[in-house]
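Below is one structure, written out as structure tokens; the observations come after it.
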Amino acid sequence: MSFGAPEWLWALLLVPLLVALFFHAENRGLERLQQFVSARLLPQLAGTVNRPRRIMRFGLQLFGLSLAIVSLGQPRWGYTFEDVKRKGLDLLIAVDTSRSMLSNDVQPDRLERVKLAIQDLINELQGDRVGLIAFAGRAFLQAPLTIDYDAVIEAVNDLDTKTIPEGGTQISSAITLATQSFGKSAMGNRALVIFTDGEESNELTSEALKTAKAAADAGVRIFTVGVGTPQGSLIPITGDDGQTSFVKDSAGQVHKSKLDEKRLREVAEATGGFYLHLENGPRSMQQIENEGLAKMQAAEMDVRLSRRPIERYEWPLSGALIVLALSILVRENGNACVSEPMSLRLPAVPRQTLEAGQQRLPELP
Numbered sequence: 000m001s002f003g004a005p006e007w008l009w010a011l012l013l014v015p016l017l018v019a020l021f022f023h024a025e026n027r028g029l030e031r032l033q034q035f036v037s038a039r040l041l042p043q044l045a046g047t048v049n050r051p052r053r054i055m056r057f058g059l060q061l062f063g064l065s066l067a068i069v070s071l072g073q074p075r076w077g078y079t080f081e082d083v084k085r086k087g088l089d090l091l092i093a094v095d096t097s098r099s100m101l102s103n104d105v106q107p108d109r110l111e112r113v114k115l116a117i118q119d120l121i122n123e124l125q126g127d128r129v130g131l132i133a134f135a136g137r138a139f140l141q142a143p144l145t146i147d148y149d150a151v152i153e154a155v156n157d158l159d160t161k162t163i164p165e166g167g168t169q170i171s172s173a174i175t176l177a178t179q180s181f182g183k184s185a186m187g188n189r190a191l192v193i194f195t196d197g198e199e200s201n202e203l204t205s206e207a208l209k210t211a212k213a214a215a216d217a218g219v220r221i222f223t224v225g226v227g228t229p230q231g232s233l234i235p236i237t238g239d240d241g242q243t244s245f246v247k248d249s250a251g252q253v254h255k256s257k258l259d260e261k262r263l264r265e266v267a268e269a270t271g272g273f274y275l276h277l278e279n280g281p282r283s284m285q286q287i288e289n290e291g292l293a294k295m296q297a298a299e300m301d302v303r304l305s306r307r308p309i310e311r312y313e314w315p316l317s318g319a320l321i322v323l324a325l326s327i328l329v330r331e332n333g334n335a336c337v338s339e340p341m342s343l344r345l346p347a348v349p350r351q352t353l354e355a356g357q358q359r360l361p362e363l364p
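Residue 195 in numbering that gives the first Met the number 0 sits at position 196 of the sequence shown, with consecutive numbering throughout.
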């Protein structure tokens, strides 16, 4: 169960406040009545109002109000599936999850900064299918192409440096997997956005360029986003004992991870895309959308099933109307629904008074 407008549910906090005010007013009214009316007459005056019915009526009104508030919150449960056909791009996002992404030359660290940027990018999209690839020593498809953006964002948030056990930064493996994952989508609407620090060996870089050119022949345009700084930063790791140390190279020296912008620019330009340094998240992602993705040819997507939640607001709304109608039928005066005969309402007249009145009446001829 979910709510389309959950902010309305905060109004339910008024319910216990109204209950407290009701009983406070009841007790204070009784105290004031006791101050001005003698104890002998109090039961006669108080007896005109049926207190249990009064409480019942208030409870029904309060319950009806609560149901109305829940209705305003737009409760949803269950799903309906619809066929959707739309125009857009097929966009795969590849994220470097190697240990170098733990460097904190950007805050809070490179990987966490990338996660925020991807959410900004997805917020810019309209109707495009999106998928997610994680890569380090190899690549893995974390989320296939879909229009369910929430599912992709959830997969992004689950990424960490343990997602891919093999170490390293093989950009070529991410490009190859992306090209395969596009399948039979239109040639002109395939885009791949790679988030990485670009740190890999010269041998792997040449392989990445070769793979990028093959991707361009398959109609894939690559945009690379560099994360980190050219000055670089140490890579912190936390041991089993909770102590923090730093990654060392094969010579036993502390390794400093540096952003390699030149290589990332070469990979992007080989496919007709461009390189972008991740600085201001929202602005950088708007640039990719406006100057890159928006200029690509949108193709008509295949018919896909779209899952939509079913609105159920009418259920609590109907319940609120029924309960409020019932509260109107509950009368606070226990005798209000039955009319007493007038003779029962007249005060009793003493017998002596009646006899005296009969003696004064003259006899009629």
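Ideal Cβ positions, reconstructed from N, Cα and C, are used throughout, including at glycine. Small disclaimer: the values here were computed from a predicted structure and weren't measured.
Candidates 145, 55 and 171: which alpha carbon is nearest residue 128's?
145
Count the other CB atoms within 10 Å of the CB of residue 5; is the residue buried (16 or more) or exposed (fewer)?
exposed
On the DSSP bridge list, what partners appear for residue 365?
Not covered by the structure: residue 365. The range shown for the chain is 0 to 364.
Ignore the nearest five residues each way along the sequence and tell me which others in residue 77's own chain have a CB closer than 8 Å to its CB.
308, 309 and 311
Should residue 16 be labelled buried (16 or more other beta-carbon atoms within 10 Å of its own) or exposed?
exposed
In its own chain, which residues sit with a C-beta less than 6 Å from the C-beta of residue 0, not counting the 5 before and 5 after it?
76
By how many angstroms is the C-alpha of residue 256 removed from the C-alpha of residue 124?
32 Å
Between residue 160 and residue 97, which are expected to be in contact by the criterion C-beta below 8 Å, what is the C-beta distance as a whole number of angstroms?
7 Å
Quick one: measure Cβ to Cβ for residue 70 and residue 316, integer angstroms, because I've assumed they're closer than 8 Å.
4 Å
If you check the beta carbons only, do residue 168 and residue 211 fall under 7 Å apart?
no
Contact set for residue 338: own chain, Cβ-Cβ below 8 Å, skip 5 residues either direction
Note that residue 338 scores 38 on pLDDT, short of 50, meaning its location in the model is unreliable; the coordinates nonetheless yield the value given after this. Here the set comprises nothing.
Exposure label - residue 65; buried when at least 16 CB within 10 Å
buried
For a quick check, are the C-beta atoms of residue 219 and residue 277 less than 7 Å apart?
no
For residue 154 and residue 141, which I take to be in contact (beta-carbon distance under 8 Å), what is that distance rounded to the nearest angstrom?
5 Å
Drop a sphere of 10 angstroms on the beta-carbon of residue 19, count the other beta-carbons inside from all chains shown, and report buried for 16 or more, exposed for fewer.
exposed
Expressed to the nearest angstrom, what Euclidean distance is found between the alpha-carbon atoms of residue 115 and residue 67?
37 Å
Considering only their Cβ atoms, is the gap separating residue 91 from residue 158 smaller than 7 Å?
no
Test item: CB-CB of residue 171 and residue 134 under 7 Å:
no
In terms of DSSP beta bridges, what is residue 319 paired with?
Note: residue 319 sits in no beta bridge, so no partner.
Are the beta-carbon atoms of residue 87 and residue 126 separated by less than 7 Å?
yes
Determine the closest residue to residue 297 out of 24, 306, 120 and 89, with distance taken between C-alpha atoms.
89
Determine the burial state of residue 205: buried for a count of at least 16 other Cβ atoms within 10 Å of its Cβ, exposed for fewer.
exposed
Assuming residue 104 and residue 232 make a contact with CB atoms under 8 Å, what is their CB distance in whole Å?
4 Å
Distance check for residue 196 and residue 260, CA to CA, integer angstroms please.
8 Å
Are the beta-carbon atoms of residue 59 and residue 283 separated by less than 7 Å?
no
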